[in-house]
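Enquirer: The structure under discussion is supplied below as structure tokens; questions concerning it will follow.
Residue numbers (our numbering), protein chains in the order written: chain A, 30 to 325; chain B, 52 to 323; chain C, 99 to 479.
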């Protein structure tokens, strides 16, 4: 990734505002930051999802399950038409990435299509009213993983899509958070220079679906990283691994969980369980970072 | 048949209000249809709901274009003349508004009644969720649903303490609502459509999404740029290294207020 | 022009090559699979400059060509049966977005591997123009004509060219292959509308929008005129024509009764009609090539000239009836004097349709034409 400061963040805006997203929409900010880095020599593809931010770029859309397919079509057409100055860019939610879109995503990655895929990850199907996705974290409340005598929220931990994509040995996989804008933009600028399949998974908190006051969107995105619930890293060619944010000590996950209504029901035992999971995962990531190797 | 249109904002309970009326009149042996208007139901965005009430089953499924009654549960929307669009001659405009009917600026061939539902809600519920308060005013002014029926509907939907407080809001508004007066104000609905956000895409202004607005103290500002970086709507631009807010683009989310490291941005209640 | 003995699938691949297709997708499903194998051979041999993508499934295949077409490449895809069903979802958008994708559908009915027309007909509401070919020559010619029709600015609607699996896909017969120059002259280059390139970006232009229903329907209905024009021009240049492009009447002059057939059943039916004519029986064949948009005007004219029509449907709309049968009855309803319209379900699940079967059907229709009572009015052969 390129290393930047706040003052290096490009001034030019590529979003057309105001849009129809909720107050405090995480993905709306993610779109703004990503396209600052990309510029407008792109064809931006979307599938059904929340509106995030409209960008001043040519746009295509396709049915929900098919982002990987459409991006392939855009990219190959650009190639045969001799337009290597234009990038095929997807800005796709976690539904269109992790679930219904997963098959087409994996296939496009396996073919190493020349595509930039951004997952605007708000950890549920928000546009249709907050239903769970495989990106939803363990114990989170959603309308299809409710809390009651027979339910404690999402039953399983979230799918590790970035690692799975990295196992396709594509040139670049990274995670990002809107609370770390220089990290996100630095990764985008780096990915922009490469060819082949590039994937950046951006954690974008959703005040409506995660149930917190819209003013705290950035705070939540920051705590996710500081507690180790969402690690920031890069995987190059499916072989090299490096953490791009390494706090000396992780904050307790409770600080992150207690801010959000979707975790309001958690018992102390459940929080401890999550804390253990996060710590074990963090140890593994630290080891990978030390070795510099992605072991698949 | 009586046709009612509700205006509110996402998160304030306009849709719930329409359901509560329908449930209340059902207990009185009437038929009702409660229809939410599906648009982009984003938090803060204007929301519309309709109710039809009749002594026999309501069969028509088209929307309400000429309401007998318009109820606005948000005090800022209550200032928009377009909320009265289509209201029938001699109809009723019931506003959540902290001033008496004589001081309402919207006018036309209808009567207007007001209740300060936001204050009542803040004092009974602790939050500005105004739907149950407005329903108390509705019951008093129109007599269409009895207070007891609304209470029953509320307690069924909101158990325990929350239900009790909502009933308190209901009863207080019943007492405090101003009786209706002819709507003599100078502003007319005109050709504008009633406020509603539909679909996706770029909007002209989101100013009426706000309950609070951010105000920058330029003296305190240290030009760190963080507010500019974190605004999802690009409502903040940098002019000579200082943040300037475009209030047509600002939804009042409060991120800038929350993130400013020197607390140079204040979150101020929008004037009503 | 050279004559080559080739199987139907090679004819399809050859047509795509001659049409200078720029993006093609490949996924196997019997009996169309060899089309993509031929394409891959052409490309790897250097005979074709085309992006060839081995996709992971037919739904992806449809979206790849949809997106590539939107960006500005001429595209080709092909499928059969379950593959065609799998891509149903995005097929609606390919038409709604007015994209001139051309697809070969090698018929494999919905209940097995053998041919019938239920696969492509299941997509009758997707807004795709549908043509049904009766021999390998028509397969090749139709795909080339399809690009010309689809890319015409008055049309801009995707076209599916269907042909019967096994019977044509794997059967070899002589095919006149036009020269590349002749096809280049016939097919102007494709331009997307509007342009999707960043330098042409206009924030006010919607860029992606589904054409509203009424306009969508009328565009497809009106495409009949363009189809007729293109068929005529093709005929002048290449010396082969397919009726008026929508229907072809075979020995219908002074016919009292006609049978209507699609695909290879029409081909077999020519022999059946010849046999009956040799016996002095005044029957003719109407080969229905273009199912969508449906040639109402042609059937109204034919219906006013004959006393009975018998539609041979290699399909059934379950619980409703034969698609061709229902459409034809609709077409002739307002005539002053309506002909009888009989229906036959034949050839489903690949059931063989013999010359003698068609002779029998035609004789039944002739009986009806002569006022004799026949039964049942719709028959499963």
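Cβ atoms here follow ideal geometry from the backbone N, Cα and C, with glycine treated the same way. The structure presented is a predicted model; accordingly, all values stated were derived computationally and were not measured.
Around the C-beta of residue 234 of chain A, are 16 or more other C-beta atoms found within 10 angstroms, so that it is buried, or is it exposed?
Expert: buried
Enquirer: Start and end of the beta strand (DSSP E) containing residue 229 of chain C?
Expert: Note, residue 229 of chain C: beta strand (DSSP E), 227-230.
Enquirer: Could you give the residue range of the alpha helix (DSSP H) that holds residue 423 of chain C?
Expert: 421-430
Enquirer: Beta strand (DSSP E) containing residue 193 of chain C: first to last residue?
Expert: Unbroken run through residue 193 of chain C is the alpha helix (DSSP H), 186-194; no beta strand (DSSP E).
Enquirer: Identify the continuous alpha helix (DSSP H) that holds residue 243 of chain C and give its terminal residues.
Expert: For residue 243 of chain C, the enclosing alpha helix (DSSP H) begins and ends at 234-249.
Enquirer: Residue 168 of chain C touches chain A at which residues, Cβ-Cβ below 7 Å?
Expert: Result: 89.
Enquirer: Can you give me the start and stop residues for the alpha helix (DSSP H) that residue 158 of chain C sits inside?
Expert: 156-169 is the span of the alpha helix (DSSP H), which, as asked, contains residue 158 of chain C.
Enquirer: Going by the beta-carbon positions, is the gap between residue 73 of chain A and residue 61 of chain A smaller than 7 Å?
Expert: no
Enquirer: What are the partner residues of residue 147 of chain B, as DSSP defines its beta bridges?
Expert: B/166
Enquirer: With respect to the alpha helix (DSSP H) encompassing residue 132 of chain C, which residues constitute its N-terminal and C-terminal limits?
Expert: 131-142
Enquirer: Taking Cβ-Cβ distances below 7 Å as the criterion, which residues of the segment 56-70 of chain A are in contact with chain B?
Expert: 57, 58, 61
Enquirer: Less than 7 Å between CB atoms is the rule here; does residue 132 of chain A satisfy it with respect to chain B?
Expert: no
Enquirer: Residues of the segment 305-316 of chain B with a CB closer than 9 Å to any CB of chain A: list them in chain order, please.
Expert: 305, 306, 307, 308, 309, 310
Enquirer: Just the chain C side, please: which residues come within less than 8 Å of residue 107 of chain A by C-beta, in chain order?
Expert: 169
Enquirer: Would you call the CB atoms of residue 107 of chain C and residue 124 of chain C closer than 7 Å?
Expert: no
Enquirer: Kindly confirm or deny that the segment 127-134 of chain B and the segment 110-119 of chain B touch, where touching means at least three C-beta pairs closer than 8 Å.
Expert: no
Enquirer: Could you check where the alpha helix (DSSP H) with residue 315 of chain C kicks off and where it finishes?
Expert: 311-336
Enquirer: Distance cutoff 7 Å, beta carbons only. Does residue 252 of chain B sit that close to anything in chain D?
Expert: Reference to chain D is not applicable here, since the protein chains of this structure are A, B and C.
Enquirer: At least one CB of chain C closer than 7 Å to the CB of residue 98 of chain A: is that the case?
Expert: Yes, residue 98 of chain A counts as interfacial toward chain C.
Enquirer: What did DSSP end up calling residue 201 of chain A once you bin it into helix, strand or coil?
Expert: strand
Enquirer: Residue 90 of chain A and residue 102 of chain A - do their beta-carbons sit closer together than 7 Å?
Expert: no
Enquirer: Starting from the Cα of residue 48 of chain A, find the closest Cα among A/298, A/124, A/79, A/36 and give me that residue.
Expert: A/79
Enquirer: For residue 211 of chain C, I'd like the list of residues in its chain whose CB is within less than 7 Å of its CB, leaving aside the five on either flank, ordered along the chain.
Expert: 128
Enquirer: Please identify, using Cβ separations under 8 Å, the residues of the segment 255-267 of chain B that lie next to chain A, in order along the chain.
Expert: 256, 257, 260
Enquirer: Excluding five sequence neighbours on each side, which residues of the same chain lie with their C-beta closer than 6 Å to the C-beta of residue 326 of chain C?
Expert: 342, 343
Enquirer: Please go through the same chain and pick out, in chain order, the residues whose beta-carbon is closer than 7 Å to the beta-carbon of residue 239 of chain B, but skip the five residues on each side of it.
Expert: Excluding sequence neighbours, residue 239 of chain B sits near 132, 158, 159.
Enquirer: Say whether chain C places a C-beta atom closer than 7 Å to the C-beta of residue 72 of chain A.
Expert: Yes, its Cβ sits closer than 7 Å to a Cβ of chain C.
Enquirer: Within this structure, are the beta carbons of residue 104 of chain B and residue 57 of chain B separated by less than 7 Å?
Expert: No, the pair does not count as a contact, with Cβ atoms beyond the cut-off.
Enquirer: Since I believe residue 244 of chain B is in contact with residue 136 of chain B (beta carbons under 8 Å), could you give me their beta-carbon distance rounded to a whole number of angstroms?
Expert: 7 Å
Enquirer: Residues bridged to residue 88 of chain B by DSSP?
Expert: Looking at the DSSP assignment, residue 88 of chain B forms no beta bridge with any residue, so it has no partner.
Enquirer: Restricting to Cα atoms, I'd like to know which of B/299, B/236, B/294 is closest to residue 144 of chain B.
Expert: B/236
Enquirer: Give the straight-line distance between the Cα atoms of residue 205 of chain B and residue 184 of chain B, rounded to the nearest whole angstrom.
Expert: 11 Å
Enquirer: Does the Cβ-Cβ distance between residue 245 of chain C and residue 285 of chain C come in under 7 Å?
Expert: Yes, the pair counts as a contact, with Cβ atoms nearer than the cut-off.
Enquirer: Determine whether the beta carbon atoms of residue 321 of chain B and residue 46 of chain A lie at a separation below 7 Å.
Expert: no
Enquirer: Measuring alpha carbon to alpha carbon, tell me which residue in A/292, A/277, A/276 is nearest residue 283 of chain A.
Expert: A/292
Enquirer: Assuming residue 204 of chain A contacts residue 261 of chain A (C-beta within less than 8 Å), just tell me the rounded distance between them.
Expert: 6 Å
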